[in-house]
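Protein sequence lines correspond, in order, to chains A and B.
If you read the first sequence in our numbering, its first letter stands for residue 30, the second for the next number, and so on.
If you read the second sequence in our numbering, its first letter stands for residue 26, the second for the next number, and so on.
For reference, the structure is listed below as C-alpha cells.
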Amino acid sequence: MLRFLFGRLWQSLVLLVIVSMIGFAVLTLAPGGPLSQFALTPGMTQAQLARIAHQMGLDRPLPVQYWEWFTRLLQGDWGRSYRDNQPVLSVIYDHLLATLLLMGTSTVISVLIGTWVGVLGALKRYSIFDYAATVGAMVALSIPTFWFGLIAIYLFALRLGWLPAGNMYTIGDGSVLDYAVHLIMPSLVLALVNVAVWSRYMRTAVLDVMNQDFVRTARAKGLTRWAVLTRHILRNALVPMITLLGLQLPTILGGALVTETVFTWPGMGRLFLDSLGYSDYPVVMGLLMLSAILVLIGNLMADVTVAIIDPRIRLG
Amino acid sequence: MTDMAFKADPAPTQRWWQRRAVRRFLRHRLALFGLAIIVLLVLACVIGPYLLPFDDLYIDLRARFAPPMTGSHIFGTDPLGRDLAARLFMAGRISLLVGFAAMLISTVFGSLVGIVAGYYGGKIGAVLMRFVDAMLSFPSIFLLLALAAFIKPSPIMITLIIAATSWMEITRIVEAEIKSLRERDFIMAARTLGLSNSQIMFRELLPNAMGPIIVAATLTVARAILLEAYVSFLGYGIQPPLPSWGNMLNGAQQYLDSAPWLAIVPGVAITLAVTGFNFVGDGLRDALDARSDIA
C-alpha cells in the first residue's frame with residue numbers, strides 16, 4: 030500500500046511540474062506578456078518599458094524566470110493582483126468556498142440521480158425507460174450549460190417567479206434557507222451534464238457486475254432483490270465510479286465557471302472572467318494553476334480511495 | 026525486391042454501402058436522425074441566406090425586438106432590428122466551419138502524437154502521454170479563455186485555440202489502440218519484411234486504428250461547436266458584427282424577460298447541431314466496433 034501511495038504521489042508531482050510549465054508558457058508566450066498592462070499607459074517610452082522589464086526580471090533567460098516563478102509558487106507566493114494589489118491566493122480564497130459549495134451540491138445531486146437512472150436502465154435493459162434515459166443523456170450532453178441556465182432563469186425566475194434569478198444570497202438576509210434557495214437552480218443546471226455522464230457509466234458498470242458469479246450466488250442463497258442490488262451489485266459497480274468522479278473534475282470545474290457567469294454566483298469562475306476583463310494576469314494564472322492543482326489532488330484522492338476499497342488495484 | 030509483389034487477394038466484389046459497418050450504421054435509427062439534423066442544418070446555413078429577404082447585417086431600427094413571425098421575420102429581430110433568421114444561418118456557417126476545422130486540426134495532430142507515443146512507447150511515449158495528462162488537468166474552458174483573452178480573436182485563431190485544447194482525447198484513444206496493435210503478428214511480419222518505422226506507422230497501424238479515430242473525430246466536432254459557443258457567449262470568441270451561434274447569445278441574457286426568442290433560437294440551433302453529431306458519433310461507434318451489441 031505504501032509503495033502504491035508513493036508511486037501515485039510521485040506521478041502527481043511530475044504532472045504538477047509539467048502543468049506548471051504549461052501555465053508558465055501560456056503566461057510568457059502571450060503577446061506582450063506581463064508587460065502589456067504597462068505598455069498601454071499613455072506616454073510610456075520604450076526605455077521605461079525596458080526598465081520595468083528589468084525590475085520584473087523579464088530580461089533574464091526563460092529557464093531562470095521559470096525556476097523563480099515555480100519556487101515562489103510552491104512557497105505560496107503567487108504574486109499580487111494588478112487590480113487591488115492583494116495577494117493572488119487571498120483573492121482566490123475569497124471566491125473558492127462559493128465555487129466549492131456549488132460544485133459539491135451539484136456533484137451530490139448528480140451522483141444520486143445518475144446512480145439511480147443508471148441502475149434502473151441496467152435492470153430494465155431495452156425498456157422504454159432505458160431508451161429514454163439513453164437518448165435523454167445524449168441530448169443533455171449536447172445542451173450548452175449556459176443556455177440551459179438562461180432557459181431555467183426564464184422559466185423559473187422570470188415567468189413563474191419561484192426561484193431567484195441569480196446571486197448567492199439576498200442582501201440583508203443570508204440565512205441558510207436563503208442560501209439553499211439560491212443554490213437550487215445553479216446546482217441543478219450544473220448537474221445536468223454530470224447526471225448524463227454518470228448514468229451512462231453506471232448503467233455499463235451495473236451490467237458488467239450483474240452477470241457475475243457472486244451475484245448469482247447471492248441470489249441463490251435467497252437474498253431479496255433489494256439486498257442483492259445494494260449489498261452486492263451497487264457496492265461493486267460504484268468502485269469504478271470513484272475514478273470517474275476524479276476524471277470528471279475538470280469538466281465540473283469548467284461547467285461551474287459558465288454556470289457562475291449566468292447566475293452571477295460569486296465564485297472562482299466569475300473571478301476568472303472579471304480578471305480576464307481587467308487583464309489581471311496574476312489572478313488569471315493563479316486560477317488556471319489552482320484549477321489544475323485541484324484536479325490533480327482530486328484524481329489522486331480518487332485513486333487512493335479506490336486502492337483502499339479494492340485490494341486488486343494495489344497489487345497491479 | 027521489385028517483383029516480389031505482396032498483393033492482397035482481390036477484395037470480394039462489394040460496394041461500400043454493402044459493407045457490414047455501413048449496414049449497421051443504417052440500422053441505427055438515432056444515428057440516421059442525427060445525420061438528418063446535420064444535413065438539414067448545413068443546407069439551411071448554406072442556402073438559407075439566399076432565400077431570406079434580409080441581410081444578416083442590415084440594421085432596421087424601426088423593426089427592433091420584433092417577436093417571431095412578425096411579417097417576414099420568421100424568428101423575429103434583435104435589439105438592432107436585424108433579422109434573426111438571417112443572422113442565425115450566417116452564424117451557422119461560422120460555427121459549423123469552426124467546428125469542422127477545429128476537428129480536422131485536432132484529429133490530425135492528436136492522431137500523430139498518439140501514433141508516435143503508442144508505436145515508440147518507452148521514454149518518448151511516457152513524456153508525450155504525461156504532457157497529455159497535464160493538458161487534461163486544466164478545465165478546457167479555463168485554458169481556452171486564458172488563451173483567447175491573450176490572443177487577438179479572429180475566426181482562425183479561435184479555431185486554432187479550440188483545436189489546441191481538444192486534441193488530447195484523440196491522442197489517448199489512438200495511443201491505446203496502437204499499443205495493442207503493435208504486438209500483433211502482422212506488424213511483426215511488416216518488420217520482418219523490412220518496412221521502415223514510418224511505413225509501419227502510417228500504412229499498417231493507422232488504417233487499423235481508423236475506426237476509433239472516426240468516432241472520436243465526430244464527437245470532437247460536437248465538442249468544438251460547444252466550445253466555440255461557450256467562448257463566444259462569454260465574449261472572447263468570434264467578435265460581432267460577424268455572427269456566431271455563441272455570440273448571438275452574448276447579449277441575450279439582458280433581454281431575457283422582454284425578448285426571450287433572442288436566447289431560445291440560437292440555443293436550439295446549437296443544441297440541435299451538437300445532438301446531431303453526438304448521435305452520429307454514437308451510431309458510428311456501434312457500427313465500427315464489432316464487439317458492441319446493437320439493439
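All C-beta atoms, glycine included, are put in the ideal place defined by N, C-alpha and C.
Taken through DSSP and simplified to helix, strand or coil, A/Asp242 comes out as helix.
Less than 7 Å divides the Cβ of A/Pro215 from the Cβ of A/Leu131. If the five residues before and after B/Tyr280 are omitted, its C-beta is found closer than 6 Å to the C-beta atoms of Leu287, all from its own chain and listed in chain order.
By the beta-carbon neighbour count (other beta carbons within 10 angstroms, threshold 16), A/Arg299 is buried.
Between the beta-carbon of B/Pro265 and that of B/Leu113 there is about 14 Å, and that puts the pair past the 8 Å contact cut. A Cβ-Cβ separation of about 4 Å places A/Ala225 in contact with A/Ala169 under the 8 Å criterion. Between the C-alpha atoms of A/Arg254 and A/Arg248 there is a straight-line separation of about 8 Å.
Straight through space, the alpha carbons of A/Ala76 and B/Phe302 are spaced by roughly 54 Å. The Cβ of A/Ser320 sits closer than 7 Å to at least one Cβ of chain B. In this structure, the straight-line span from the alpha carbon of B/Ser97 to that of B/Arg52 is close to 40 Å. In the three-state reduction of the DSSP assignment, A/Arg109 falls in the strand class, which pools E and B. Only exposed fits B/Val71, as fewer than 16 other CB atoms lie within 10 angstroms of its CB. Listed as beta-bridge partners of B/Asp108 by DSSP are B/Thr102. Beta-bridge partners of A/Pro116 (DSSP): A/Arg109. Pairing B/Ser162 with A/Ala321 gives a Cβ-Cβ distance under 7 Å.
When the five nearest sequence neighbours on each side are left out, the beta carbons in the same chain lying within less than 8 Å of the beta carbon of A/Arg112 are those of Ser304, Tyr307, Asp309, Val312, in order along the chain. Residues of the region 183-200 of chain A that bring their beta carbon within less than 7 Å of a beta carbon in chain B comprise Tyr183, Leu187, in sequence order.
Residues of chain A with a Cβ closer than 8 Å to the Cβ of B/Met160 are, in chain order, Ile51.
Any Cβ of chain B closer than 7 Å to the Cβ of A/Trp39 would place that residue at the interface, and such an atom is absent.
DSSP places A/His83 inside the alpha helix (DSSP H), whose first and last residues are 75-84.
DSSP places B/Tyr144 in the helix class (H, G or I) of the three-state scheme.
Contacts with chain A at 7 Å (Cβ-Cβ) include B/Ile166. Note on geometry: alpha-carbon atoms of B/Ser120 and A/Leu302 lie some 22 Å from one another. DSSP places A/Asp309 outside both helix and strand once states are collapsed to three, so it counts as coil.
Neighbours of B/Phe163 in chain A, taken as residues whose beta carbon is under 7 Å from its own, are Pro279, Leu317, Ser320, Ala321 in chain order. Selection A/Ile81, A/Leu274, A/Ile51 evaluated against A/Val137 yields A/Leu274 as nearest (Cα-Cα). Where B/Tyr75 is concerned, the enclosing alpha helix (DSSP H) starts and stops at 54-76. Judged by DSSP in its simplified three-state form, B/Tyr255 adopts helix. Listed by position along chain B, the residues whose Cβ is nearer than 8 Å to that of A/Met167 are Leu55, Thr300, Asn303, Phe304, Asp307. Take A/Val257, set aside five residues on each side of it, and the residues of its chain with a beta-carbon closer than 8 Å to its own are Val244, Ala247, Arg248, in chain order. Interface annotation, A/Val48: in contact with chain B, CB-CB separation under 7 Å. Taking a contact as a CB-CB distance under 8 Å, the pair A/Val222 and A/Thr174 counts as one, their CB atoms being some 6 Å apart.
Its chain contains Ala331, Thr334, Val335, Ile338 as the residues whose beta carbon lies nearer than 8 Å to that of A/Ile271, once the 5 sequence neighbours on both sides are disregarded; these appear in chain order. Annotation: B/Glu229 is outside any alpha helix (DSSP H) and is labelled neither H nor E by DSSP.
Identification of chain B residues near A/Val324 by a Cβ-Cβ cut-off of 9 Å yields Leu161, Ser162, Phe163, Pro164, ordered along the chain.
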